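Let me begin by presenting the structure, written as structure tokens, before commenting on it.
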Amino acid sequence: MSAALDLAIVSASSLADQIDAAARDIEARLIAWRRDLHAHPELGNREFRTAGIVAGHLRALGFDEVRTGVAHTGVIGLLKGALPGPVVALRADMDALPVAEEVDLPFASKVKAEWNGEQVGVMHACGHDCHTAILMAVAEVLAGQRGALRGSVKFIFQPAEELPPEGEDGGAKMMVEEGAMDNPRPAAIFGLHVTSRLALNVIGWRPGPTMASADNLRITVKGSQTHGAMPWAGVDPIVVSAQVVLGLQTVVSRQTDLSKEPAVVTIGTIHGGLRENIIPESVEMRGTIRTFDEDMRDDIHERVTYLAEAIARGSRAGCTVCIKKNYPVTVNDPALTEAMRPTLARVAGPNHLALVPKVTGSEDFSFFQRVVPGLFIFLGVTPAGQDIGKAAPNHSPRFYVDERCLVTGVRALAHLAVDFLEARAAG
Numbered sequence: 506m507s508a509a510l511d512l513a514i515v516s517a518s519s520l521a522d523q524i525d526a527a528a529r530d531i532e533a534r535l536i537a538w539r540r541d542l543h544a545h546p547e548l549g550n551r552e553f554r555t556a557g558i559v560a561g562h563l564r565a566l567g568f569d570e571v572r573t574g575v576a577h578t579g580v581i582g583l584l585k586g587a588l589p590g591p592v593v594a595l596r597a598d599m600d601a602l603p604v605a606e607e608v609d610l611p612f613a614s615k616v617k618a619e620w621n622g623e624q625v626g627v628m629h630a631c632g633h634d635c636h637t638a639i640l641m642a643v644a645e646v647l648a649g650q651r652g653a654l655r656g657s658v659k660f661i662f663q664p665a666e667e668l669p670p671e672g673e674d675g676g677a678k679m680m681v682e683e684g685a686m687d688n689p690r691p692a693a694i695f696g697l698h699v700t701s702r703l704a705l706n707v708i709g710w711r712p713g714p715t716m717a718s719a720d721n722l723r724i725t726v727k728g729s730q731t732h733g734a735m736p737w738a739g740v741d742p743i744v745v746s747a748q749v750v751l752g753l754q755t756v757v758s759r760q761t762d763l764s765k766e767p768a769v770v771t772i773g774t775i776h777g778g779l780r781e782n783i784i785p786e787s788v789e790m791r792g793t794i795r796t797f798d799e800d801m802r803d804d805i806h807e808r809v810t811y812l813a814e815a816i817a818r819g820s821r822a823g824c825t826v827c828i829k830k831n832y833p834v835t836v837n838d839p840a841l842t843e844a845m846r847p848t849l850a851r852v853a854g855p856n857h858l859a860l861v862p863k864v865t866g867s868e869d870f871s872f873f874q875r876v877v878p879g880l881f882i883f884l885g886v887t888p889a890g891q892d893i894g895k896a897a898p899n900h901s902p903r904f905y906v907d908e909r910c911l912v913t914g915v916r917a918l919a920h921l922a923v924d925f926l927e928a929r930a931a932g
């Protein structure tokens with residue numbers, strides 16, 4: 506786990522005005538990059554074109570180091586300032602989703618690709634095109650200030666945040682394993698995520714547990730096949746599965762201390778049987794488990810397993826429970842978050858900084874936060890005047906981004922990095 510960070514409240518850097526001016530100057534190119542990436546989305550571990558654009562951009566800016574092929578298609582760039590100082594990291598994810606776009610845009614995705622054996626539409630339905638374009642712009646803004654930059658900035662462009670294809674490794678965990686946070690190791694890392702759950706240019710923040718862990722749940726109930734007209738002659742796995750689904754609801758509602766942290770256990774798919782008059786041999790259920798505390802996470806895993814097996818055993822059925830841990834809890838370092846809050850307030854402007862509730866979605870940015878203190882923020886993309894509750898959510902085929910948010914994202918990450926470097930160097 507990362508060490509606690511001792512950092513006083515951070516003030517605006519000496520480069521604040523230059524950063525804002527450079528961000529305004531690059532806005533048109535920033536939007537063009539985003540639109541190009543949006544029209545050419547790539548799935549996890551297949552971000553070949555995107556990675557090539559990113560690496561070429563960093564090399565053209567004269568980065569001191571550009572490393573490619575990290576965790577398959579990841580790109581890491583190191584920008585060394587002319588003045589001595591610490592190292593800070595910035596991260597953007599690059600992959601799209603197997604979603605067919607339904608937004609009427611001149612640059613809407615028409616791409617199709619194979620995902621886990623199926624032909625699917627591909628769309629940047631979670632805004633990673635925005636993240637990548639924003640970080641490309643931050644790279645150019647800070648490269649233009651390197652003569653006055655105290656320390657170094659490590660730029661991490663990550664593949665497969667939305668999980669790699671089945672049977673493959675990838676994402677932040679693999680980047681960490683392949684040394685993304687080493688040589689040099691940053692003192693802190695910052696990242697952002699666009700969201701339709703906030704109005705345009707609102708910056709959302711939260712200290713401590715912010716996004717949930719995410720674990721895959723698969724339960725297989727083994728019965729004994731028989732004719733539907735003679736259920737007593739076998740063991741019906743469909744009825745047992747129904748009892749398991751209902752029983753699992755008590756893990757959260759009756760067995761978990763929700764005054765400590767929220768939790769979710771959801772069954773999303775049930776498959777079993779081929780005909781209405783045949784009781785099948787087995788049923789498979791798949792679901793997700795979300796928590797905000799690692800001890801609670803392990804306890805819920807144990808309770809889900811015990812309950813499902815016990816219910817099945819009571820009906821003379823077999824039961825196999827498989828839980829795969831995916832992403833840990835995304836925890837914003839409290840000291841770092843508090844220290845950087847004035848930076849966020851300055852970038853957001855009056856009435857545009859919001860303390861957000863916990864998010865039961867997950868993020869593998871959490872793996873970077875296990876190495877060094879990190880802060881993950883949210884950037885609102887829903888046009889002013891539109892009902893937030895009616896805006897299409899991330900992962901929707903109708904997810905829409907008001908591109909006026911992009912320059913705010915550039916300013917946020919650039920100011921966080923430089924304010925942190927100067928405060929750390931001064932301390």
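The sequence shown runs 506 to 932 under this note's numbering. Beta carbons: idealized from backbone N, C-alpha and C, even for Gly. This one's a predicted model, so the numbers in the text were calculated from it and none came from an experiment.
Within a Cβ cutoff of 6 Å, which residues of the same chain sit near residue i, ignoring the five residues on either side of it in sequence?
i    : result
V923 : S518, L520
V559 : V580, F662
G778 : P785
T793 : T771
A738 : T731
T722 : This sequence places Leu at residue 722; Thr is not what is there. Correct list, in chain order: G792, I794, I828.
F904 : A630, A897
R572 : I581
P833 : S718, S871
V616 : P546, V627
G696 : R596, F870, F881
Could you check what DSSP says for residue i in three-state terms: helix, strand or coil?
i    : result
V750 : helix
A638 : helix
Q760 : coil
G894 : helix
V906 : coil
R780 : coil
E607 : coil
G652 : helix
P668 : The question names Pro, but residue 668 in the sequence shown is Leu. L668 falls in the coil class under three-state DSSP.
A521 : helix
E619 : strand
V864 : strand
V770 : strand
V658 : strand
V627 : coil
For residue i, I'd like the list of residues in its chain whose CB is within less than 7 Å of its CB, leaving aside the five on either flank, ordered along the chain.
i    : result
G649 : A527
G713 : V836, N837, P839
T848 : V515, H920, L921, D924
E606 : A613, S614, G626, M628, P902
P939 : No statement about residue 939 is possible, as the shown extent of the chain runs from 506 to 932 and does not include it.
Q624 : K617
V912 : A528, R529, E532, L535
W620 : L548, P603, P670
Enumerate in chain order the residues of its own chain whose CB-to-CB distance from residue i is below 8 Å, with the five nearest sequence positions on each side excluded.
i    : result
K765 : D798, M801
P589 : R655, G656, A930
V643 : L595, F660, V915, L918, A919, A922
V749 : I724, V726, M790, L812, A813, I816, A817, C824
L763 : V757
F553 : E547, T578
Could you tell me the boundaries of the alpha helix (DSSP H) in which residue i lies?
i    : result
G918 : For clarity, residue 918 is Leu in the given sequence; the question names Gly instead. Where L918 is concerned, the enclosing alpha helix (DSSP H) stretches over 911-931.
Would you mind reading off the limits of the beta strand (DSSP E) that contains residue i?
i    : result
F612 : Element bounds for F612: n/a, residue is neither H nor E.
S871 : From DSSP, S871 is part of no beta strand (DSSP E) but of the alpha helix (DSSP H) over 870-874.
T793 : 787-796
G879 : 879-887
When every heavy atom of the ligand MN is checked, does at least one fall within less than 7 Å of the C-beta of residue i?
i    : result
M679 : Although the ligand MN was asked about, the structure shown includes no ligands whatsoever.
Original post:
Which ranges does the beta strand (DSSP E) cover as unbroken runs of at least 3 residues, wholly within the stretch 811-861, from first to last along the chain?
Top reply: 823-832, 835-837, 858-860
Original post:
How about the stretch 765-784 and the stretch 843-850: do they share at least three Cβ pairs that are nearer than 8 Å?
Top reply: no
Subject >> Whole beta strand (DSSP E) elements within the stretch 527-605, 3-residue minimum >> reply: 570-575, 579-585, 588-598
**OP:** Could you tell me whether the stretch 651-669 touches the stretch 567-581, where touching means 3 or more Cβ pairs closer than 8 Å?
**Re:** yes
Original post:
Enumerated in chain order, which unbroken segments of the alpha helix (DSSP H) with a length of 4 residues or greater are wholly contained in the stretch 671-755?
Top reply: 676-682
Original post:
Counting pairs of beta carbons, one from the stretch 714-723 and one from the stretch 859-871, are three or more of them closer than 8 Å?
Top reply: yes
Subject >> Three CB pairs or more closer than 8 Å across the stretch 540-549 and the stretch 633-649 >> reply: yes
Original post:
Does the pairing of the stretch 884-895 with the stretch 817-827 give three or more beta-carbon distances under 8 Å?
Top reply: no
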